[in-house]
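What follows is a set of notes on a single structure, which appears directly below.
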Amino acid sequence: MSAQLIPGYALRSGSGLDRAKLVKFLHRTYRELYPDRELGHLSQTVEQYFSNQTPLWWIECLKNSPQEQENLPVLPSQYLNPKSPALNPQSVVGCLWLGNAIDQTTGLRHGHIFLLYIAPEHRRQGLGAALVIHAENWARSRGDRQIGLQVFLSNQPAMNLYQKLGYQSHSVWMNKSL
Numbered sequence: 001m002s003a004q005l006i007p008g009y010a011l012r013s014g015s016g017l018d019r020a021k022l023v024k025f026l027h028r029t030y031r032e033l034y035p036d037r038e039l040g041h042l043s044q045t046v047e048q049y050f051s052n053q054t055p056l057w058w059i060e061c062l063k064n065s066p067q068e069q070e071n072l073p074v075l076p077s078q079y080l081n082p083k084s085p086a087l088n089p090q091s092v093v094g095c096l097w098l099g100n101a102i103d104q105t106t107g108l109r110h111g112h113i114f115l116l117y118i119a120p121e122h123r124r125q126g127l128g129a130a131l132v133i134h135a136e137n138w139a140r141s142r143g144d145r146q147i148g149l150q151v152f153l154s155n156q157p158a159m160n161l162y163q164k165l166g167y168q169s170h171s172v173w174m175n176k177s178l
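Residue numbers (the numbering used here): 1 to 178.
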């Protein structure tokens with residue numbers, strides 16, 4: 001499925017064949033936030049939680065000049081979804097991976113945003129908001145009554161985006177280094 005997201009960008013549905021590409025985008029996300037940490041566990045996260053019940057959407061930039069495309073991450077052809085033959089591996093600039101969670105107070109299943117990533121050079125153009133709204137609509141259409149996510153307190157731009165979209169703190173995740 002391909003849809004116009006924002007002028008110059010297309011939204012494409014991912015599939016189970018996009019596992020390696022999803023790991024690559026997880027690494028990009030966490031490398032930005034924690035450049036000195038080992039990230040080998042991220043492939044295990046994808047292996048454990050990525051399935052046909054966890055939708056994945058990719059953003060493809062349609063307006064990149066050849067010079068701009070040289071600076072984007074090159075994704076080998078084996079990472080591409082064959083159901084989206086028009087997807088240009090050099091133009092994938094973002095993604096949203098939506099998983100499932102259970103509300104511990106009601107017991108109801110709901111969508112949970114595992115990953116939202118937009119390449120730095122494509123941020124502040126409404127792509128993240130458009131992806132989140134798309135995910136919300138998808139979750140609403142399957143009967144979910146809420147959607148959740150985890151955001152790091154140090155990621156102020158993400159916090160601002162989610163608050164602007166109406167997300168509120170519901171609980172606080174706490175940890176202690178041992």
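Glycine residues also receive a C-beta, built at the ideal position from the N, C-alpha and C atoms.
| Check | Outcome |
| --- | --- |
| Hey, residue 100 and residue 29: beta-carbon distance below 8 Å or not? | no |
| To the nearest angstrom, how far is it from the Cα of residue 103 to the Cα of residue 36? | 33 Å |
| In the DSSP assignment, the alpha helix (DSSP H) including residue 138 goes from what residue to what residue? | 127-141 |
| Just how far apart, CA to CA, sit residue 174 and residue 63? | 42 Å |
| Do you know how far the Cα of residue 40 is from the Cα of residue 178? | 21 Å |
| Going by DSSP in three states, residue 158 sits in which element: helix, strand or coil? | helix |
| Please report the residue range of the alpha helix (DSSP H) in which residue 60 lies. | Run containing residue 60: none in the alpha helix (DSSP H); it sits in the beta strand (DSSP E), 56-61. |
| Bridge partners of residue 17, per DSSP? | DSSP output for residue 17 lists no bridge partner at all. |
| What did DSSP end up calling residue 93 once you bin it into helix, strand or coil? | strand |
| Which of the three DSSP states, helix, strand or coil, is assigned to residue 152? | coil |
| In angstroms, rounded to a whole number, what distance separates the CA positions of residue 26 and residue 119? | 12 Å |
| Suppose contacts are defined by Cβ-Cβ distances below 8 Å. Is residue 60 in contact with residue 92 by that definition? | yes |
| At the 8 Å Cβ level, is residue 125 part of the contact set with chain B, yes or no? | Here there is only one protein chain, and chain B is not present. |
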